[in-house]
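Chains as they are written, first to last, in full-length UniProt numbering: chain F, 1 to 106; chain Z, 1 to 106.
Note that CB positions come from ideal geometry on N, CA and C, so glycine has one too.
Remember, predicted model here, so these are calculated numbers, not experimental data.
Here is the structure we will look at, set down as structure tokens.
There are 2 protein chains.
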Amino acid sequence: MTDDDRVFKALADPSRRFLLDLLFARDGRTLTELESELEMTRFGVAKHLKVLEEAGLVVTRRSGREKLHFLNAIPIRQIHDRWIDKYTEHQITTLIDLKRTLEEES
Amino acid sequence: MTDDDRVFKALADPSRRFLLDLLFARDGRTLTELESELEMTRFGVAKHLKVLEEAGLVVTRRSGREKLHFLNAIPIRQIHDRWIDKYTEHQITTLIDLKRTLEEES
DNA sequence: AAGTTATGTGACCATCAGGTCACATGTCAA
DNA sequence: TTGACATGTGACCTGATGGTCACATAACTT
Chain F
1 MTDDDRVFKA LADPSRRFLL DLLFARDGRT LTELESELEM TRFGVAKHLK VLEEAGLVVT
61 RRSGREKLHF LNAIPIRQIH DRWIDKYTEH QITTLIDLKR TLEEES
Chain Z
1 MTDDDRVFKA LADPSRRFLL DLLFARDGRT LTELESELEM TRFGVAKHLK VLEEAGLVVT
61 RRSGREKLHF LNAIPIRQIH DRWIDKYTEH QITTLIDLKR TLEEES
């Protein structure tokens, strides 16, 4: 299994993406804290966090018996850079900003 | 199945990512042309292209009996924007540029 | 019209991935 | 040290996914 394979496989599951959303909103949470946000047993959440960590999307730090989880956005940026060059990036951000503006007006 | 679910599921397979790489390098190719680049039957490639198209990562245009495939990078940018805010983006691009520079020097 | 070329469909099978559970380890507090 | 708390492991079941094949449709060529 290659590095990027691990990243994309990790992102393929909605529960794992939701975990990233939670960490994006607020970093440094424990397993137990994250577990309370999902409709799933602790074991399921732990399994998902392990997948995210092995993919490098989440980094952890131990503090006593607790394990704190942090979002690492670098692999996300690398996905971006794989298929979007500087020129296209400018076009797309312009397009997305325009779309947002139009949606706000309506 | 939600829209973003389709996108992430589509990206989870290495063959499909390779197809995006091919289209990133050169757009507007037919199924037959793409098939020749993969170690897989035409049916497999067609199936993968269908998944990419339904995810909106590839858009197509018919030309007679041929079907031309084009890369659409907008969903990729939206993945980026989901977990990388403006401030973090600046930090990360700086970090990645630095990493690239160091690798070029060594 | 007949043959060739480009693509589409549905079934099939083997493998993988998500989720749960019983059980185990390590840490804090009294 | 005893109990409660936070996390880790391996087995297990079920549903989804990747790839192939037989068959089918549609369009270009001569």
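| query | result |
| --- | --- |
| If we define contact as Cβ-Cβ less than 8 Å, is F/H69 a contact residue for chain Z? | no |
| Suppose you measure from the CA of F/I74 to the CA of F/L102; what does that come to, to the nearest Å? | 31 Å |
| Would you please state the rounded distance, in angstroms, between the beta carbons of F/A55 and F/A25? I believe it to be under 8 Å. | Contact doesn't hold; Cβ gap of about 20 Å is too wide. |
| Name the DSSP beta bridge partners of Z/K67, please? | Z/R62 |
| With a 10 Å radius around its C-beta and 16 neighbouring C-beta atoms as the bar for buried, classify F/F43 as buried or exposed. | exposed |
| For Z/R26, name the three-state secondary structure that DSSP assigns. | coil |
| Expressed to the nearest angstrom, what Euclidean distance is found between the alpha-carbon atoms of Z/P14 and Z/E35? | 15 Å |
| In chain Z, which residues lie with their C-beta within 8 Å of the C-beta of F/T88? | A73 |
| In the DSSP assignment, the alpha helix (DSSP H) including residue 134 of chain Z goes from what residue to what residue? | One cannot answer for residue 134 of chain Z here, as it falls past the ends of chain Z, which runs 1 to 106. |
| Going by DSSP, what residue range makes up the alpha helix (DSSP H) through Z/A55? | Neither: Z/A55 is in no alpha helix (DSSP H) and is coded neither H nor E. |
| Label Z/R100 either buried or exposed according to how many other C-beta atoms from any shown protein chain fall within 10 Å of its C-beta, with 16 as the threshold for buried. | exposed |
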